[in-house]
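Working notes for the structure below.
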Amino acid sequence: MKSFLILTALIVANASCLTSANAALTIDRSRLIYNQDDKSVSINVTNRNTKDPYLAQGWIDDENEKKVTNLMMVLPPVQRVEAGAKTLVRIQKLAEIESLPKDRESVFYFNLREIPPKSDKPNTLMLAMQTRLKVFYRPSALKVDRMADTVPGTTSLTLAKQGDVYYLNNPTPYYFSFVEGRTAENAKGVDAFEPVMAVPKSKIKLPVSASKLGNAPVLMFVNDYGSQRLLTFTCNNTICKASKVVVPKE
């Protein structure tokens, strides 16, 4: 999930210092799994501001930030959240969603924009946070047991070394979001590793050099519940096979 600021003001100062911690409206998860068998899914929204009400505006878009209106809808699209209160936002599928592939997941993004109350003071800086999180639409044939820690086939992922680059092959029908790379299970994350998402049945280039990750690379990914897990690899020459999934130590 990522958050960014929409700033409207006569005077904008120190805006770069703000983070999602400044948001009034927060949601209860960092990703959402929408199983095909579910009629709808709900997200809890909390207004952390105990003084002012906020408007919550929600919508669905794709990876290119193009609004999606024919596959899913957000209900209600706009609602008032009283100070210190909680509410629900529902994502409901539409009939055309049946046109999506049945042999792999599809990804969309849920957006929640908070609209602050108007100020009656002149020269006031108005700040609004917008939160964006991934929505994975999962066909019935790919449904995962709710007690499972990872999706099936996680250890079937492989790495291929070409020069000073690792390419990750994802033969599964599931998306994988990698947020960190390590040289060993208990090592610190390597510098300059930018989060990357592996599309189902595809190959991606890892965002750091192979020399940085070493000959026994470890990749940190995020599971269905937003928890971080480590995927270790065992290498033989230029091919590395995933060996196990580990819970990272604090």
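So the sequence shown is residues -23 to -1, 1 to 227, counted in mature numbering (1 follows the signal peptide of the UniProt record, and there is no 0). Each residue gets a CB set at the ideal place from its N, CA and C atoms; glycine is no exception. Bear in mind the structure is a predicted one, so any value in this text is a computation, not a measurement.
Name, in chain order, the residues that DSSP records as bridge partners for residue i.
i           : result
residue 67  : 19, 52
residue 84  : 113
residue 229 : Since the first and last residues shown for the chain are -23 and 227, residue 229 lies out of range.
residue 153 : 175
residue 144 : 137, 182
residue 91  : 33
residue 44  : 38
residue 24  : 2
residue 58  : 31
residue 159 : 166, 195
What would DSSP say about residue i, mapped onto helix, strand or coil?
i           : result
residue -18 : With a pLDDT of 42 at residue -18, under the threshold of 50, the modelled position of that residue is not reliable, and the figure given next carries that caveat. Here residue -18 sits in strand by DSSP.
residue 2   : strand
residue -6  : For residue -6, the predicted structure reports a pLDDT of 46, less than 50, and the residue's modelled location is therefore unreliable. A value from the coordinates is still provided. Residue state, collapsed to three classes: coil.
residue 72  : helix
residue 108 : strand
residue 224 : coil
residue 119 : helix
How would you write the range of the alpha helix (DSSP H) that residue i sits in, first residue to last?
i           : result
residue 188 : 187 to 190
From which residue to which residue does the beta strand (DSSP E) around residue i run?
i           : result
residue 195 : 195 to 199
residue 173 : 173 to 175
residue 35  : 31 to 38
residue 10  : 8 to 12
Are residue i and residue j closer than 8 Å when you measure CB to CB?
i           : j           : result
residue 167 : residue 199 : no
residue 36  : residue 44  : yes
residue 110 : residue 7   : yes
residue -1  : residue 108 : yes
residue 113 : residue 202 : no
residue 222 : residue 207 : yes
residue 27  : residue 3   : no
residue 178 : residue 129 : no
residue 191 : residue 215 : no
residue 47  : residue 77  : no
residue 55  : residue 32  : yes
residue 30  : residue 73  : no
residue 39  : residue 117 : no
Would you mind giving the Cβ-Cβ distance between residue i and residue j, rounded to the nearest angstrom? I have them listed as a contact below 8 Å.
i           : j           : result
residue 115 : residue 82  : 5 Å
residue 20  : residue 49  : Contact flag wrong, Cβ pair sits at about 13 Å.
residue 143 : residue 187 : 5 Å
residue 135 : residue 146 : 5 Å
residue 93  : residue 105 : 6 Å
residue 194 : residue 210 : 5 Å
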